[in-house]
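Report on one structure; see the data block that follows.
Numbering (the working numbering), first residue to last: 11 to 387.
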């Protein structure tokens, strides 16, 4: 078998390793079986086991190996094998219903088609939070999260940690909701290199990739295999609001609030949210049938000139209710979602506004709030 495999240019080292994993034969068994024209043990393997063995080889070795025996010839057209090979070699997990995995592998290997490998990382069903951000951005354009000056043109499609039950403390929460302008996406030295290559162009509603062709973002969906994946994502993302959507949004936002409570990274910048708006949002999250709150209004936190009022009261403990305060304190992670989903009427206030001497008292409140987490085991 090995001599025949060698004559067909099969990777002998790999085949020997795979053969060594088969059950050992008693001395003379193999010779007896060949002399009596019986099948060697490897030819008794099921197609499923053969697929697993072939998956460990490179494609030229698989093709050569399939020529060594009629029993192995099934590998050359086994769709399950090529489905796994497509994921291994090209990170492709989708195709058109009329396409075979084997033929698609051949097209990619010969570069007859171009398919974005980043699409495999996107779920067909976007989260409710992602849909909320998209609908809000279409109704009222927002400012770019990176430069804070230009109007945002793209919504980050990063799926990492956007699961509505995820409770990690990493930066993926913010990236999930990041919207950026074209200028910031085009900068080769942009400040946030973690931006996901797939972005939703909000004006046209198209998915584009900034890595497939670095010189110019490529609109996805030209190839029919790529198109069926793109259309599935966009159909769910752009679906008109229907009965039940509000309850799904209610649950999604409550999960975001739970994430906020469990977040232990207090080095993040924190923002102020007017107390009455925070209560309205709490009722929406926790009581079925409660209406959506309106835009975030911080007018009650401001003086006549628009600056933050130094006489307001702030909570001093993250986990202890503070009904007599004027504002709630939230991290920039949660604020990133709230400002996009609801909009802000007037100014947004953060701990950056507490730097002058007149805000010393509020600065103490903020520091106590951020340090209070250490008091809980």
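In this text, a Cβ means the ideal position worked out from N, Cα and C, and glycines have one as well.
(message) Distance cutoff 8 Å, beta carbons only. Does residue 294 sit that close to anything in chain D?
(response) Given the protein chain composition of this structure (a single chain), no chain D is represented.
(message) Would residue 300 and residue 284 qualify as a contact pair, given that the criterion is a beta-carbon distance under 8 Å?
(response) no
(message) One question on the structure: do residue 123 and residue 233 come within less than 8 Å of each other, judged by their Cβ atoms?
(response) yes
(request) Locate the beta strand (DSSP E) running through residue 211, then write down its first and last residues. (result) 208 to 211
(request) Take residue 378 and list the residues in its own chain whose beta-carbon comes closer than 8 Å to its own, dropping the five residues that flank it on each side. (result) 326 and 327
(request) Would you grab the beta carbon distance between residue 273 and residue 341 for me? Rounded to a whole angstrom, and I think it's under 8 Å. (result) 6 Å
(request) Starting from the C-beta of residue 118, find all residues in its chain whose C-beta is less than 6 Å away, skip the five residues before and the five after it, and write them out in chain order. (result) 100
(message) Tell me the DSSP secondary structure of residue 251 in three-state form.
(response) coil
(message) Excluding the 5 residues flanking residue 34 on each side, which residues of the same chain have their C-beta closer than 6 Å to its C-beta?
(response) With a pLDDT of only 49 at residue 34, under 50, the local geometry of the prediction cannot be trusted, and no value is derived from it.
(request) Check residue 298 in the structure and name its three-state DSSP category. (result) coil
(message) Among 193, 303 and 69, whose alpha-carbon lies nearest the alpha-carbon of residue 351?
(response) 303
(request) Please classify residue 380: does DSSP put it in a helix, a strand, or coil? (result) helix
(request) Can you tell me which of the three DSSP states residue 286 falls into? (result) helix
(message) Along the chain, where does the beta strand (DSSP E) containing residue 155 start, and where does it finish?
(response) Unbroken run through residue 155: none, as it is neither H nor E.
(request) Provide the residue span of the alpha helix (DSSP H) that contains residue 69, from first to last. (result) 69 to 76
(request) Decide if residue 209 is buried, meaning its Cβ has at least 16 other Cβ atoms within 10 Å, or exposed. (result) buried
(request) For residue 174, collect the residues of the same chain with a Cβ closer than 8 Å to its Cβ; drop the 5 residues on either side in sequence, then sort them by chain order. (result) Residue placement at residue 174 is poorly supported in this model, since its pLDDT is 40, which falls under 50; the coordinates still yield a value, given next. Around residue 174: 137, 138, 139, 261, 262, 265 and 266.
(message) Is residue 309 a contact residue of the ligand HEM, with contact defined as CB to any heavy atom under 7 Å?
(response) In the structure shown, the ligand HEM is absent, as is every other ligand, since no ligand is present at all.
(request) Below 8 Å on the Cβ atoms is my guess for residue 89 versus residue 111; work out the distance and round it to an integer in Å. (result) 5 Å
(request) Round the Cβ separation of residue 239 and residue 129 to the nearest angstrom and send it over; I've been treating them as touching at under 8 Å. (result) 5 Å
(request) Taking the CB atoms as reference points, tell me whether residue 369 and residue 320 lie closer together than 8 Å. (result) yes
(request) Assign residue 105 to one of three DSSP states: helix, strand, or coil. (result) coil
(request) Can you give me the start and stop residues for the alpha helix (DSSP H) that residue 195 sits inside? (result) 192 to 196
(request) Determine the extent of the alpha helix (DSSP H) in which residue 62 is found, giving its start and end residues. (result) 57 to 64
(request) Give the range of the beta strand (DSSP E) segment to which residue 341 is assigned. (result) 337 to 341
(message) For residue 159 and residue 57, I'd like the C-alpha separation in whole angstroms.
(response) 60 Å
(request) For residue 338, count neighbouring Cβ atoms within 10 angstroms of its own Cβ and tell me buried if that reaches 16, exposed if not. (result) buried
(message) Measuring straight from C-alpha to C-alpha, what distance separates residue 280 and residue 256?
(response) 28 Å
(request) Below 8 Å on the Cβ atoms is my guess for residue 329 versus residue 375; work out the distance and round it to an integer in Å. (result) About 15 Å separates the two Cβ atoms, so there is no contact after all.
(message) The beta strand (DSSP E) that contains residue 148, what's its start and end?
(response) From DSSP, residue 148 is part of no beta strand (DSSP E) but of the alpha helix (DSSP H) over 138 to 149.
(message) Nearest by alpha-carbon distance to residue 80: which of 54, 102 and 93 is it?
(response) 54
(request) For residue 176, collect the residues of the same chain with a Cβ closer than 6 Å to its Cβ; drop the 5 residues on either side in sequence, then sort them by chain order. (result) Caution applies to residue 176, whose pLDDT of 44 falls short of 50 and renders its modelled position unreliable; the value that the coordinates give is listed next. Same-chain partners within the cutoff: there are none.
(request) For residue 36, count neighbouring C-beta atoms within 10 Å of its own C-beta (all shown protein chains included) and say buried if the count is 16 or more, exposed if not. (result) Summary for residue 36: the model assigns pLDDT 45, below 50, so the residue's position carries little reliability, and this model does not support an answer.
(request) Counting only the same chain and skipping the five closest in sequence on each side, list residues whose C-beta sits under 7 Å from that of residue 61. (result) 88, 90 and 91
(message) Taking a contact to mean a Cβ-Cβ separation below 8 Å, would you say residue 167 touches residue 189 in this structure?
(response) no
(request) Sort 365, 216, 192 and 121 by Cα distance to residue 237 and report the nearest one. (result) 216
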